[in-house]
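Worksheet: the structure to be examined is printed underneath.
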Amino acid sequence: MTTHQVELVIPDLGDFSDVEIIEVLVEPGDEVAIEESLITLETDKASMDVPSTHAGKVRALKIKVGDKVNSGDVMLTLDATELVESESTVVLDIEVQKAILAAATPAAEVGRQPRAAATHSAQLVVIGSGPGGYTAAFRAADLGLQVILVERYPVIGGVCLNVGCIPSKALLHAARVIDDAAAMADHGVRFGKPKIDALALRGWKNKVVARLTGGLTQLAKQRKVTVIHGVAKFASPNRLVLDSGDAIDFEHCIIAAGSESAELPGTPDDPRIVDSTGALELDPLPMRMLVVGGGIIGLELACVYSALGTKVTVVELTDALMPGTDPDLVRPFRKIIDKRYESIMLGTKVIGMLATVPGIEVAFEGKNAPAREVYDRVLISIGRRANGDKLDCEKAGVNVDQGGIIPVNKQMQTNVPHIFAIGDLVAGPMLAHKASHEAKVAAEVAAGQKSAFDARTIPSVAYTDPEIAWVGLTEIDAKRDGISYEKSKFPWAASGRALSLGRDEGFTKLLFDKATGRVIGGGIVGPNAGDLIAEVGLAIEMGADATDIGQTIHPHPTLSETIAFAAEAYDGTLTDLYMPKKR
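What follows is the structure, given as structure tokens:
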């Protein structure tokens, strides 16, 4: 018996052309037997495995997942171990291959036959259990699908519940209580200097997290959602493999694997240099801390540490804090932290760090920046990076860009229609409330319903003190894109509720379409701005104008009525201030 090189080709596909390869079942070097499946094809009617017509060792693949093939296209070359008449490379007659293929059972009838049996199977598998992931899993289960939820960490809830949104807000509440107590000294109520027990504070924060994650576990049980802990990656368009060695076969998959903190190149490996997750541990409270990055996450944690007694410095590469946010929204916050923080360095770059015994020595570059400073703790908060390129998506044929972002349509489908992606690893702001809405769309489409993500706007909130919230069109965007708009602003110094809280630094502004008068954007600065901004978002979604808002009766005295006052100011009907409408 001699070895001969054989080209195996796609057999006769009848009336079908440009048929997609959805799975390649062999690799170069694999030994295959006659009638062993080599690839899986999928048409709009069925999927089928293409078997080998020879036994031997795979020499080279000529195709890959996602390729469109036709009858006669070469699949692979094989070192065949059977007798043949010719010493040269041969192509088996298509009629022979067609006869072998006809004997094979279509995968659509009996289910695709994997090379090894799957450990688990489900109609829908969701990768990641954050706000997007668990929402998708629960919605799909409510619609009758059998669901598996895969989470890489021991507790479900993702970054948001465990090391993001929720624990940071608990610590921000503690910071606000400290600041509010200190502020009351000017009004005749004086407390002693707070005694900070960092371990007890961390314990309380962890209890808050545990209550929420425990509730999610119970909700999963009530819905009969199977939760599996492990790191999942694609093995094919219909199979995941876990780091445990288990495999999950699925009909549909929703990728909700989120994002992770971006790394600063050249940063030393030292426990005193932390990301946002490490900063939430408060272990220990430093005397001096540098926050690298003047975005929302870094500034929220700066508020926490400053209130707890740490001397905080913020360094930002651009010329503004919270880049992309309207400057007037940031200005009241900036006035406060200018007095509290040790230093704020804008237009400044960190060019080096050195771990020393006294602390982390940091070198800077920028106008008016110090050459070097030493800090007890350095928080790296320069943004987040999507995890789309960490799942072996190419083995499923799913497209991923260089930034880890997965392109999707309005149904949240990737280029492989039965695989969806949501949350931080698709385009748009990396926000939990965006992910949860996308999750419901993906689950509903997977269940066969008609659904689409068509939100007009997505609100953003910085839970600093004061809070800063905005929704819809910003003035920065309007000026950049040449959009005509009109603006109305109501100062909280004229709000009875704001004055009674001792917080008159804020304001509420609304942006209106110059042609239609409809609300197209808005921003709020002050306590609980994040709670108030929802009304502006609803006004945009409903196409409301100033009269719609102004004639909606708001309770008095409240901060919410500042939205109505801003609308009345635009309409020329405001009586709480003398602000005649410009004609």
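For the sequence shown, the numbering used here begins at 343 and goes up steadily by one. Even glycine gets a Cβ: it sits at the ideal position worked out from N, Cα and C.
For the options ASN757, LYS923 and ILE724, the alpha carbon positioned closest to that of SER603 is the one of ILE724. By the Cβ criterion, the region 789-805 is in contact with the region 481-498, since at least three pairs of Cβ atoms, one from each stretch, lie closer than 8 Å.
The C-beta of ASP766 has 16 or more other C-beta atoms within 10 Å across all chains shown, which makes the residue buried. Around the CB of GLU642, 16 or more other CB atoms lie within 10 Å, so the residue is classed as buried. In the three-state scheme derived from DSSP, where H, G and I count as helix and E and B as strand, GLN564 is classed as helix. In this chain, the beta strand (DSSP E) harbouring LYS831 covers 827-833. Rounded to the nearest angstrom, the Cβ distance from PRO628 to ARG719 is 4 Å, consistent with a contact under 8 Å.
Per DSSP, the continuous alpha helix (DSSP H) segment holding CYS502 begins and ends at 500-505. DSSP, reduced to helix, strand and coil, places LYS851 within a strand of the structure shown.
The straight-line gap separating the alpha-carbon atoms of MET921 and LYS831 is approximately 10 Å. Of the residues assessed, HIS898 falls on the exposed side of the cut-off, its CB having fewer than 16 other CB atoms within 10 angstroms.
With respect to PRO801, ILE875 sits close: the two C-beta atoms are nearer than 7 Å. Close CB contacts of LYS782 within its chain, under the 8 Å cut and outside five residues either way in sequence, are with THR477, ALA478, ARG481 and SER793 (chain order).
Taking all protein chains in view, the Cβ of PHE533 is surrounded by fewer than 16 other Cβ atoms within 10 Å, so the residue is classified as exposed. Looking from the CA of VAL646, the closest CA among TYR805, LEU367, VAL583 and VAL550 belongs to TYR805.
Between VAL374 and SER394, the C-beta spacing is below 7 Å. By a beta-carbon distance limit of 8 Å, ALA871 contacts ALA811. Their separation comes to about 4 Å. If you draw a straight line from the Cα of THR609 to the Cα of ARG682, it comes to about 27 Å. The bridge partners DSSP lists for SER601 are ALA728. Comparing C-alpha distances from TRP546 to each of GLY475, ILE615 and LEU624 shows the shortest one belongs to LEU624.
Taken through DSSP and simplified to helix, strand or coil, ARG630 comes out as strand. If you look at ASP585, you'll find it isn't in any beta strand (DSSP E); DSSP assigns it neither H nor E. Taking a C-beta distance under 7 Å as the contact criterion, ILE508 and ASP668 do not qualify as a contact pair. Residue range 802-804 is occupied by the beta strand (DSSP E) that includes ALA804. Taking a C-beta distance under 7 Å as the contact criterion, GLU910 and GLY885 do not qualify as a contact pair. Considering only GLY414, VAL411, ILE381 and THR385, the residue with the shortest C-alpha distance to VAL400 is ILE381. Shown here, ASP372 sits in coil according to DSSP, grouped into three states, outside any helix or strand. Under the DSSP assignment, ARG673 falls in the alpha helix (DSSP H) whose first and last residues are 669-682. The beta carbons of PHE576 and LEU582 sit about 6 Å from each other, so the pair counts as a contact at 8 Å.
Per DSSP, LEU367 is not a residue of any alpha helix (DSSP H), being assigned neither H nor E. In the structure shown, the three-state DSSP call for ILE538 is coil. Inter-residue distance for LEU355 and ILE469 is about 35 Å (C-alpha atoms, whole angstroms). PHE706 sits in a strand when the DSSP states are folded into three classes. Taking 8 Å as the upper bound for CB-CB distance, ASP661 and LEU688 are in contact here, some 5 Å apart.
If the five residues before and after VAL654 are omitted, its C-beta is found closer than 7 Å to the C-beta atoms of MET631, VAL633, ALA644, TYR647, SER648, TYR683 and GLU684, all from its own chain and listed in chain order. The beta carbon of ILE686 sits closer than 6 Å to those of VAL656, all from its chain and outside the five residues before and after it, given in chain order.
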